[in-house]
Amino acid sequence: MREYSRPVKVEISQDARLPDTVFARAAEEPDTVALRRQESGQWRDVTCQQFRDDVAAIAKALIAAGIEHGDRVALMSRTRYEWTTIDYAIWAVGAVTVPIYETSSADQVEWILGDSGSRAVFTETTEHADRVRTVQGSLPELRDIWVIEDGALAEFTETGTGIEDSTLEERRTAGDVDELATLIYTSGTTGRPKGCELTHRNLLFTIANVNDGPLQAVYSQADRSTILFLPLAHSFARIIQIGCIESRTVMGHFPTTGPELIDQFGVFKPTFLLAVPRVFEKVFTKAEQKAVSEGKGKIFNAATETAIAYSRALDNGHVPFMLRLKHAVFGKLVYSKLMDRMGGRARHAVSGGSALGDRLGHYFRGIGLTIIEGYGLTETSAPTAVNSPEKNKIGTVGAPFPGVSIRIADDGEVLCKGDHIMRGYWNNPKATEEAFDEDGWYRTGDLGSLDEDGYLTITGRKKEIIVTAAGKNVAPAVLEDRIRSNTLVSQCMVLGDNRNFVSALITVDPEALEFWKQQNNKSGDTADLAEDPDLVAAVQEAVDHANEAVSKAESVRKFKILPTDFSEEQGQMTASLKLKRHVVANQFSREIEELYAG
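Using full-length UniProt numbering, read the sequence shown as starting at 1 and increasing by one per residue.
If you want it as structure tokens, here you go:
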């Protein structure tokens, strides 16, 4: 199939705006819980009225500070309650939010603030503010830097107490649905980040049709709630934030994906989860390591294979009696404990950012947590295709949600249309023109295929296709995703352009390595063990698993374990954890040449 469309379910009115729901709920149900926020390690309820009041107080302070309709205001912070209140306050005065990852370097901050022409910036900490001040001299349009922590935000909101409610209401209702809501900058894997212009219509259309379409069962559950812990500078987390507000889902914020996050699941007890695949991989790995350390490794492995088999049988429409019996036994012995670790109430999870992998998807569905994968880009307001709990084709990224069309070009590129697609790149008409074909279809840059039901499978990036010396085209994503699915592996970069064969650079997950060393009586760090025969053999299993998915000519013939993991700090990864291939190739050029020597 070359093209698939779904009719729109929800049309967005011309006078709709993102803050409307915040103010409407405060008037209609002021005492209903809208969010929960952490204070001194405890979760506290925030009512609809309290949330609206917090948004309004910041919005009035913005007006008092001279922020005008259409001005850009940047926001640099970890995920926290204040992120959402500031975001909605900026929208409430008709301004435009410009998110910046709190891990961004001074150079990246300078580019985004300068390119967007931001008039002001909120920073979480004084350290972030100092980072901005180091480049402020080259930013003539930047007037104000406001800090969130240590009571500074409360001091800022005090400056708006003289602004009347009527003044704020006039500003809030002045714009229309097609005005700019946010500039989200791309990762910049191949050059300077580009600012994606997303309007109120883009974001409201996306949420309305996803919530009323493929994710209806997720967002319609009674007493629904979730913890938002992904960076809100990322379009995936941002659209979930809006989805929670629009669907009246109780939302909590947590600033990290570290080990303490799992403990918060047990306290917060979310009804659904959202994460990138790496989080689900860590949940599985930690459960496996715990079982092995307690001498229950064989039981865990048997339970794992049973869960995967059970999920696959569900796809086939028939679960054999003995498999149902084994599944029920392991449900009490193993699965229930892992589900309890995730709060005990979640039955669905939404995954985005990269491929989850067939095995992990079947495992989690087999234990009772259906992970719904989707696909999209910053330019498409995050999603373009989404699976649904009712028809979840594991291994695909779902079908286009209502109101969206997907087409596969002759060269295999995925093209799409719909009101979710950005209006263009900020200050970059050339890039905007190049992003669309002559018929107005947005060029995603990804390669994929559609099945008979319109479900999309992504096979790679158009610009990342490797052409070997023999002329064989190789999509690295297929191999990399399968290699990364191994618990020992952190990152992987497949090589082979203009070479005689395909190879790979692989990094080891530091936490997984510590456990592996205990189990194998080894010592030393990754650099010491990079050529250890046992570690090489363990990673070879991941490579063999990946090679099963491709032809012999496309398979990884050789690989090298690197002495250190890829990171944003070292420049190899973007803030959204995308690989900067040109940086890796440059930094590890010696190791690459060693792979092809002789």
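Just so you know, even glycine gets a beta-carbon here, dropped at the ideal spot from N, CA and C. Here the structure is a predicted model, which is why all the values come from computation and not from measurement.
query                                                                                                                                                                                : result
Kindly indicate which residue of L513, R557 and M493 has the alpha-carbon position closest to the one of M573.                                                                       : M493
Would you mind working out which of L505, L529, A537 and S576 sits nearest E591, comparing C-alpha positions?                                                                        : L505
So the candidates are D419, D534 and P533; which of them puts its Cα closest to the Cα of V210?                                                                                      : D419
Should D87 go down as buried or exposed, given a rule of 16 or more other Cβ atoms within 10 Å for buried?                                                                           : buried
Would K337 pass as an interface residue toward chain D - the criterion being a Cβ-Cβ separation below 7 Å?                                                                           : Here chain D cannot be found, since the structure has a single protein chain.
For the region 502 to 570, which segments carrying the beta strand (DSSP E) assignment without a break, of at least 3 residues, lie completely within its bounds, in sequence order? : 502 to 508 and 556 to 561
With a threshold of 6 Å, establish whether the CB of D453 neighbours any heavy atom of the ligand SAM.                                                                               : This structure simply doesn't include the ligand SAM, nor any ligand for that matter.
Over what stretch of residues does the alpha helix (DSSP H) that includes L153 continue unbroken?                                                                                    : A152 to E158
For E39, name the three-state secondary structure that DSSP assigns.                                                                                                                 : strand
Thinking C-beta only, is G496 closer than 7 Å to A475?                                                                                                                               : no
Among D410, I394 and G412, which residue has its Cα nearest to the Cα of Y455?                                                                                                       : I394
Using only alpha-carbon positions, find the residue among R44, F280 and F272 that is nearest to G353.                                                                                : F280
Rounded to whole angstroms, what's the CA-CA distance from R119 to R143? Just pull it up for me.                                                                                     : 6 Å
Out of curiosity, what's the CA-to-CA distance linking N263 and A553?                                                                                                                : According to the sequence as given, residue 263 is Asp; it is not Asn. C-alpha separation (whole angstroms): 46 Å.
Grab the span of the alpha helix (DSSP H) containing Y363 for me, first residue to last.                                                                                             : D358 to I367
Within 10 angstroms of its Cβ, does D446 collect 16 or more other Cβ (buried), or is it exposed?                                                                                     : buried
Whose C-beta lies closer than 8 Å to the C-beta of F588 among residues of the same chain, with five residues either side of it excluded?                                             : L505 and L562
Nearest to V502 by CA position, among G471, H234, R6 and E197, is which residue?                                                                                                     : G471
Quickly, what does DSSP pair Y425 with across the bridge? List them, please.                                                                                                         : C196
What three-state label does DSSP hand R499 in the structure shown?                                                                                                                   : coil
Roughly how many whole angstroms lie between the Cα atoms of A61 and A233?                                                                                                           : 23 Å
Could you pull the start and end residues of the beta strand (DSSP E) that M251 belongs to?                                                                                          : V250 to H253
Give the range of the beta strand (DSSP E) segment to which I184 is assigned.                                                                                                        : L180 to Y185
Helix, strand or coil: which one does DSSP assign to E68?                                                                                                                            : coil
Provide the residue(s) that pair with N473 in DSSP beta bridges, ordered along the chain.                                                                                            : V467
Quick one: residues in its chain with C-beta nearer than 6 Å to the C-beta of G191, no 5 flanking neighbours on either side, listed in chain order?                                  : none
Could you pull the DSSP bridge partners for S351 from this structure?                                                                                                                : A275 and E373
Return the first residue and the last residue of the beta strand (DSSP E) that R443 is part of.                                                                                      : Y442 to L450
If you check the beta carbons only, do V397 and I458 fall under 7 Å apart?                                                                                                           : yes
Cβ of T444 within 7 Å of Cβ of V414?                                                                                                                                                 : yes
Just to check my reading of the structure: I372 and S351 have Cβ atoms closer than 8 Å, yes? What is that Cβ distance to the nearest angstrom?                                       : 7 Å
If I'm right that Y81 touches R17 with Cβ under 8 Å, what's the distance once you round it to whole angstroms?                                                                       : Not a contact, Cβ separation roughly 22 Å.
Just the Cα atoms here: how many angstroms apart are W43 and G252?                                                                                                                   : 8 Å
From G424, I408, R482 and E569, pick the residue whose C-alpha is nearest to that of K462; which is it?                                                                              : I408
Taking only three categories from DSSP, how would you classify Q221?                                                                                                                 : coil
Let's see if you can read the secondary structure: which residues bound the alpha helix (DSSP H) around T84?                                                                         : Y81 to A92
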